[in-house]
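Okay, so here's the structure we're looking at.
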Amino acid sequence: MKHLFALFLLSLFISEVYAEINVYFTHSIDTSLANPNIAHGFVALDEKFINRIHQSNFSIDFCFYNIWRWNIVDSLIAAYNRGVDVRVITEHDHITNQAVQNIMNAGIPVIDDTYGNNNGDRYMHNKFAVFDFRDSSSVDDDWTWTGSYNISDYGTESNANNCIEIMNSEIARAYTLEFEEMWGSKTNTPNPDSSRFSLLKTDNTQHSFIVDSIPIELYFSPSDHSTPKIINAIATSDSTLYFCIFAFTRQDVCDAMKSMWNAGISVKGVYDEGDWLGFFSKSRDMTGDPSSNNPWNPPAPVLPDSVSSPWGPELLHHKYMIIDADCQSDPLAITGSQNWSNNGEYYNDENTLIIHSADIANQFLQEFVERYREAGGEYTACKEEGHDLEPDPEKLSICVIPNPFTLLAEIRIQLTEDRSDIGFLSSDFSIQIYDTRGTLVKTIMPSSKNFHCGADLTPGIYFITLPGFCTTKLI
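Take 123 as the starting number for the sequence shown in our numbering and just add one per residue.
Given below as structure tokens:
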């Protein structure tokens with residue numbers, strides 16, 4: 123028993139020591155919102171990446187949609203020449219780039235998404251690298267790098283991008299498994315018979331992790347069906363939902379946001395100007411365009427970006443969402459390579475992280491507010507712009523019996539002490555039920571704390587909310 127206890131303590135010690143998360147942004151941030159840590163803005167991502175290459179001693183797995191940044195390419199070749207095992211995967215459309223050709227000419231093995239039995243008709247859209255996982259000597263050098271950053275001049279010097287690097291062996295293991303599924307082998311030599319991209323891939327990696335006490339979810343597209351996980355995260359919103367996105371065309375993601383908007387959640391977003399009000403862009407729905415699939419009424423305060431560099435307008439290339447970043451709830455940040463599109467969900471090779479951390483969410487908030495104000499938007503903190511009453515879970519809760527919901531389900535509102543300020547038995551107090559498209563389907567004026575509501579609802583997923591509170595229940 124004593125030996126088991128010592129082993130348990132050792133495992134805890136390793137878990138805490140060998141874990142680190144760094145977040146970087148290429149453009150400015152609003153440091154006044156730091157709580158507690160100031161985010162890293164105006165970061166030269168190529169220099170950060172080169173530092174990681176220089177510190178690698180055993181292996182680098184390099185998986186990027188676009189590779190065209192010469193100092194990174196030169197550093198990668200230099201690492202290979204000093205004995206580091208380097209494997210490279212890229213998108214077929216960019217395999218003829220001179221930078222990629224230089225990597226191949228140096229002797230580094232490179233494949234794209236037409237390798238073996240793969241047809242490459244979609245995009246290998248990942249932007250990740252894994253450093254030193256393939257050695258067995260230590261775990262404190264197992265780094266993973268991911269985000270929206272392509273290895274290019276525009277990605278480095280012009281576009282608004284984010285990246286996150288994580289030192290954790292289990293995260294590195296999952297990304298390595300994904301890499302080797304595309305590579306087709308665990309060796310330095312790819313195997314065309316086993317290589318799988320896009321629809322040929324399987325859901326074969328771990329999805330839940332604890333990194334330095336932070337819960338992290340990881341999903342790869344298309345095998346892991348990332349979009350429903352994003353929608354599940356949206357449904358946890360208690361007060362705010364903010365996003366910056368390069369391309370947003372998924373109706374189900376937009377409808378999930380609309381449900382939150384109609385339930386009183388503050389929704390704000392910045393779209394890349396090139397996607398703004400495009401035929402398939404969800405900016406049309408969110409701005410209330412009557413010709414869109416599901417127009418929001420009232421429209422949400424979403425805006426086209428105003429990202430610029432000394433050379434002129436540039437891309438807002440982010441793919442991130444922040445939920446409840448400035449409120450006491452379950453703050454989380456979603457980031458990775460995946461745009462919220464059908465290609466991103468069904469066809470492209472992508473990765474998505476959902477990070478349940480107030481600190482990480484706050485760092486993304488510092489970047490978001492800067493982009494939002496830059497685009498002409500106004501931002502006030504949650505406590506100033508939120509509901510009239512602060513949520514008080516000790517005094518108010520919603521319970522659905524049974525859950526999953528049935529037509530005879532009973533909804534119970536539990537008040538542990540008198541709250542005359544919500545007028546429980548007056549017409550001021552109501553229950554609202556929304557479907558997944560954000561449409562209000564029923565309003566109930568309860569006369570007691572327990573009541574039935576489902577007899578006239580068709581089977582499906584609904585959100586029940588109490589206006590005036592940051593309280594929403596998925597049923």
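The beta carbon of each residue, even a glycine, is placed where N, CA and C say it ideally should be.
All values derive from a computational prediction rather than experimental measurement.
Look at the alpha carbon of E467 and the alpha carbon of G458, and state the distance between them as a whole number of angstroms. 13 Å
According to DSSP, is F180 helix, strand or coil? coil
Just to confirm before moving on: does the CB-CB distance between G499 and L425 stay below 8 Å? yes
Are A201 and I175 closer than 8 Å when you measure CB to CB? yes
Count the C-beta pairs between the stretch 392 to 400 and the stretch 430 to 448 that are closer than 8 Å, then say yes if the count reaches three, no if not. yes
Considering only the beta carbon of each residue, do S428 and A369 sit closer than 8 Å? no
Minimum C-alpha distance to S291 - residue among S197, G400, V252, L198: V252
Tell me whether V333 sits in a helix, a strand or coil according to DSSP, three-state version. strand
If you compare alpha carbons, which of V195, N188, I151, T153 is closest to F171? V195
Which value, in whole angstroms, describes the spacing of the CA atoms of I143 and W305? 27 Å
Just the C-alpha distance for I445 and S345, rounded to the nearest angstrom, thanks. 25 Å
Shortest alpha-carbon distance to N470 belongs to which of E169, R209, L321? L321
Assuming S405 and I387 are in contact, meaning their beta carbons sit under 8 Å apart, how far apart are those beta carbons, in whole angstroms? The pair is not a contact, with the Cβ atoms about 18 Å apart (cut-off 8 Å).
Can you have a look at R204 and say buried or exposed, based on whether 16 or more other CB atoms are within 10 angstroms of its CB? exposed
So is H247 buried or exposed if we call it buried at 16+ other beta carbons inside 10 Å? buried
Contacting residues, own chain, Cβ-Cβ under 6 Å from Y364 (five flanking each side not counted): K390, I444, F490
For K564, which three-state DSSP category applies? strand
Per the DSSP calculation, M246 is bridged to which residue(s)? D471
Same chain only: Cβ atoms within 7 Å of Y501, ignoring 5 sequence neighbours per side: V491, Y494, R495
S403 to T309, Cα distance in whole Å? 42 Å
F342 vs E302 beta-carbon contact at 8 Å: no
I'd like to know if the stretch 254 to 264 and the stretch 406 to 418 are in contact, where contact means that at least 3 CB-CB pairs between them fall below 8 Å. no
In terms of residues, what are the limits of the beta strand (DSSP E) holding T153? No beta strand (DSSP E) holds T153; DSSP gives it neither H nor E.
With a cut-off of 8 Å on the beta carbons, I'd call A161 and V145 a contact; round off their distance for me. 6 Å
Starting from W305, trace the alpha helix (DSSP H) in both directions and tell me its first and last residue. 291 to 305
Beta-carbon separation (whole angstroms), I286 vs R191, contact threshold 8 Å: Not a contact, Cβ separation roughly 19 Å.
Report buried or exposed for W433, applying the criterion of at least 16 other Cβ atoms within 10 angstroms of its Cβ. exposed
Limits of the unbroken beta strand (DSSP E) element including P314: Taken as a continuous stretch (DSSP letters only), P314 belongs to no beta strand (DSSP E), as it is neither H nor E.
Do D235 and F164 count as a contact pair if the criterion is CB distance below 8 Å? no
Could you please give me the residues that DSSP links to C598 through a beta bridge? One cannot answer for residue 598 here, as it falls past the ends of the chain, which runs 123 to 597.
Beta-carbon separation of N281 and L167 under 8 Å? no
For N473, count neighbouring C-beta atoms within 10 Å of its own C-beta (all shown protein chains included) and say buried if the count is 16 or more, exposed if not. buried
Applying the 10 Å Cβ sphere with the 16-neighbour rule, what's the burial state of P312? buried
For a test of the three-state rule: what should DSSP assign to K390, helix, strand or coil? strand
In the DSSP assignment, find the unbroken alpha helix (DSSP H) run with I482 in it and report its ends. 480 to 496
Would you list the one or two residues that DSSP bridges to K441? I367
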